[in-house]
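At position 251 of the sequence shown the residue is numbered 231 (our numbering), and the sequence of numbers has no breaks. Don't be surprised by glycine CBs; every beta carbon is placed ideally from N, CA and C. Everything below concerns the one structure shown next.
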Amino acid sequence: MIKIPHKYLLGLCITLLLFISSSVFAEEIEVSPTLAPVITPIAETKSNDALDVLKARQEKLKENFKISDVDKEESKAKEELQNAQIKKETIQEINKKIEQELSALKLDLKNLNKVKFDLEKKIDLSEEEKKTQQFEIERLKKSEQELQKNVNFKAILLEKNKQDLEKLSQEEELKRYALAQVALYKIALQEKHDEETDKKIKLFTGVSIFFLLFYIVRLLGEKKYCHSKKCKKKYGHRFVTFDIFGLLTYLGFVVWFLFYLKPEMVVYLLFLVGAIVIVLQEYIFSVVSSVFIVQLYHVGDRIRFKKNEGIIEGMTLLKISIRTIDSIGVNMQEIRMIPNSEFMKQEVVKLPKTSIEKTTFDIVLPNDLSVDLPRFMADIEGNVLQKNITVRSENEITDSDFFYEVDFYFMPTGQPVIKLFWQETREKNNRIKRKILAELEKVKKNNIYSDQTSVQNKTNDSNDNSE
-19 MIKIPHKYLL GLCITLLLFI SSSVFAEEIE VSPTLAPVIT PIAETKSNDA
31 LDVLKARQEK LKENFKISDV DKEESKAKEE LQNAQIKKET IQEINKKIEQ
81 ELSALKLDLK NLNKVKFDLE KKIDLSEEEK KTQQFEIERL KKSEQELQKN
131 VNFKAILLEK NKQDLEKLSQ EEELKRYALA QVALYKIALQ EKHDEETDKK
181 IKLFTGVSIF FLLFYIVRLL GEKKYCHSKK CKKKYGHRFV TFDIFGLLTY
231 LGFVVWFLFY LKPEMVVYLL FLVGAIVIVL QEYIFSVVSS VFIVQLYHVG
281 DRIRFKKNEG IIEGMTLLKI SIRTIDSIGV NMQEIRMIPN SEFMKQEVVK
331 LPKTSIEKTT FDIVLPNDLS VDLPRFMADI EGNVLQKNIT VRSENEITDS
381 DFFYEVDFYF MPTGQPVIKL FWQETREKNN RIKRKILAEL EKVKKNNIYS
431 DQTSVQNKTN DSNDNSE
């Protein structure tokens, strides 16, 4: 059976979750036909250009479903309404001037007719006066014709302006109606947009809570089921890999969500990402470095860093902790925290571990002897084990919390057995066993024990052959 690593299964599950979420919520805003403005036909029997333009505008508005487009349409409608009002006010001012000029012309024409009438009433005139009268009458007639012409022109112009004013008033009403429809449409679309935004926020909140709960479960699981040093040594790099993958996945989701929420934020997002990279470049480099560190090193590895030797005790996204030791593995009781960025920049040498072996040594004593077991055990512990066993880093000696153990038990036959256990290199193991035997011989010479004492050496390796 093919076994798939847990981190890939986790990545696949998260990817499927994001894909399903985006399929459900990432639908474009569709405007219901009931939201589109319906303009009541006004003067359908007339060939009204303004109404045709308004209807064309309506069809275009139905196609637009973005609030930004509706804002542009609203601004355009306001501008056109303002222009229509300005034209209307201008024509009204012109009409006032024309009416004033027309009144003045009519008054001049009336006065001219009165002068002409008074001149024509004169009868008893000489020949010379008659010629002058006739000439003056002709001149007044010409002036009258000119004034009448101006009066007719002003009257026609005034009538035309009144027609234009009526047309502009109708167009103004249509534009007011269109602006009101756009405003109502914008309100409806804003409500629709707010509803979609609320769904997006719920999606973001749900995914964020999912990541948070998943990370809390991961921390609790590590604390409960992987609290031993052996477990951390074996699976510690997997937890770091999980943290890296989770962080990158969540950051990718945040970037995707910003585009999904407001695509026009792309420029601002680029500037924001650039600023964050500049400000947090050291932390970002440490996180990126952790991706490579967990592939090359594990908890418990022995390394040389800056001319110092140590054991890797822990790895996180930002730093790595190292317990310093000397060349023979003696614990220096010092823990150094090194940022991942600095760790990657320096030369690091991965060293082989000291060959530590576990040794079990049993001494079986006859049951017919009076043996002071506590004294003998204390002598072996104080004179042999404590003086010859090196105190190393716990990680160096295969994750054990103790370096030696002295105990005893009784066999079914009643014989006492002193059980010794320690951890050391192969060379020192043989030396310690020789010293234990020497201690036993010294005790025998002092007649504390009889010659029937037998020694049974039980080891979990091939040290018996070398003896």
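{"Check": "Return the residue from the list LYS111, ILE117, SER270 that minimises the CA-CA distance to LYS96.", "Outcome": "ILE117"}
{"Check": "If you run the structure through DSSP and keep just helix, strand and coil, what is GLN143?", "Outcome": "helix"}
{"Check": "Evaluate LYS413 with the Cβ neighbour count: other Cβ atoms within 10 Å of its Cβ, from every protein chain shown; 16 or more gives buried, anything less gives exposed.", "Outcome": "buried"}
{"Check": "Mapping DSSP to helix, strand and coil, what is PRO396?", "Outcome": "strand"}
{"Check": "When DSSP labels each residue in this structure, what does GLU171 get in the three-state scheme?", "Outcome": "helix"}
{"Check": "Between the beta-carbon of ILE292 and the beta-carbon of ILE300, is there less than 9 Å?", "Outcome": "yes"}
{"Check": "Classify ILE0: buried if its beta carbon has 16 or more other beta carbons within 10 angstroms, exposed otherwise.", "Outcome": "Low per-residue confidence applies at ILE0: pLDDT is 46, beneath 50, and the placement is therefore not dependable enough to give any value."}
{"Check": "What is the C-beta distance between LEU241 and VAL267, in whole angstroms, given that I count them as a contact (C-beta under 8 Å)?", "Outcome": "With a Cβ gap of about 25 Å, LEU241 and VAL267 do not count as contacting."}
{"Check": "What does the Cβ neighbour count give for ASN91, buried or exposed, with the cut at 16 atoms within 10 Å?", "Outcome": "exposed"}
{"Check": "Can you round the beta-carbon distance between LEU127 and LEU85 to whole angstroms, since I take them to be within the 8 Å contact cut?", "Outcome": "6 Å"}
{"Check": "List the endpoints of the continuous beta strand (DSSP E) containing ILE305.", "Outcome": "299 to 305"}
{"Check": "What residues match up with PRO319 in a beta bridge as DSSP calls it?", "Outcome": "LYS299"}
{"Check": "I want to know whether the region 337 to 346 touches the region 276 to 283 - three or more CB-CB distances under 8 Å.", "Outcome": "no"}
{"Check": "Go through its chain and collect everything with a Cβ distance to ASN162's Cβ below 6 Å, but skip five positions before and after it.", "Outcome": "The residue you asked about is not Asn; residue 162 is Val in the sequence shown. GLU53, GLU54, ALA57."}
{"Check": "Can at least three beta-carbon pairs, one atom from the region 129 to 139 and one from the region 74 to 85, be found at a separation below 8 Å?", "Outcome": "yes"}
{"Check": "If you reduce the DSSP assignment to three classes, tell me which class TYR263 lands in.", "Outcome": "helix"}
{"Check": "Quick check on DSSP: helix, strand or coil for GLY280?", "Outcome": "coil"}
{"Check": "Figure out for me which residue from SER321, GLU109, ARG156 has the closest Cα to the Cα of GLN65.", "Outcome": "ARG156"}
{"Check": "Helix or strand or just coil, what does DSSP make of ASP104?", "Outcome": "coil"}
{"Check": "Using alpha carbons as the reference points, say which of THR70, VAL259, GLU407, CYS206 lies closest to ILE369.", "Outcome": "GLU407"}
{"Check": "Can you tell me whether SER106 is buried or exposed? The criterion is at least 16 other CB atoms within 10 Å of its CB, across all chains shown.", "Outcome": "exposed"}
{"Check": "Excluding five sequence neighbours on each side, which residues of the same chain lie with their C-beta closer than 7 Å to the C-beta of SER321?", "Outcome": "GLU262, PHE265, SER266, SER269"}
{"Check": "I need the boundaries of the alpha helix (DSSP H) containing LEU345, first residue and last residue.", "Outcome": "First-last for LEU345: undefined, no H or E at that position."}
{"Check": "By Cβ distance below 6 Å, which residues in the same chain neighbour TYR389 in space, the five residues on each side in sequence not counted?", "Outcome": "VAL397"}
{"Check": "Return the bridge partner residues of ASP387 from the DSSP annotation.", "Outcome": "LYS399"}
{"Check": "Which residues in the same chain as TRP402 place their Cβ atom closer than 7 Å to its Cβ, once the five residues preceding and following it in sequence are excluded?", "Outcome": "THR339, LEU365, ILE369, PHE383, TYR384, ILE412"}
{"Check": "Anyone know if the C-beta pair for ASN130 and ILE74 falls short of 9 Å?", "Outcome": "no"}
{"Check": "Nearest-angstrom Cα distance between GLN125 and LYS94?", "Outcome": "15 Å"}
{"Check": "DSSP three-state label for GLU314, please.", "Outcome": "strand"}
{"Check": "Grouping DSSP H, G and I as helix and E and B as strand, with all else coil, what is SER149?", "Outcome": "helix"}
{"Check": "Which residues in the same chain have their Cβ closer than 6 Å to the Cβ of MET317, if we skip the five residues on either side of it in sequence?", "Outcome": "LYS299, SER301"}
{"Check": "Have a look at the DSSP bridge pairing and note the partners of ASN288.", "Outcome": "PHE285"}
{"Check": "Assign ARG355 to one of two classes, buried (16 or more other C-beta atoms within 10 Å of its C-beta) or exposed (fewer than that).", "Outcome": "exposed"}
{"Check": "Tell me the DSSP bridge mates of VAL328?", "Outcome": "PHE285"}
{"Check": "Just the Cα atoms here: how many angstroms apart are VAL271 and GLU175?", "Outcome": "40 Å"}
{"Check": "Anyone know if the C-beta pair for ILE452 and LEU420 falls short of 9 Å?", "Outcome": "Lying before the first or after the last residue shown, residue 452 is absent from the chain, which here runs from -19 to 447."}
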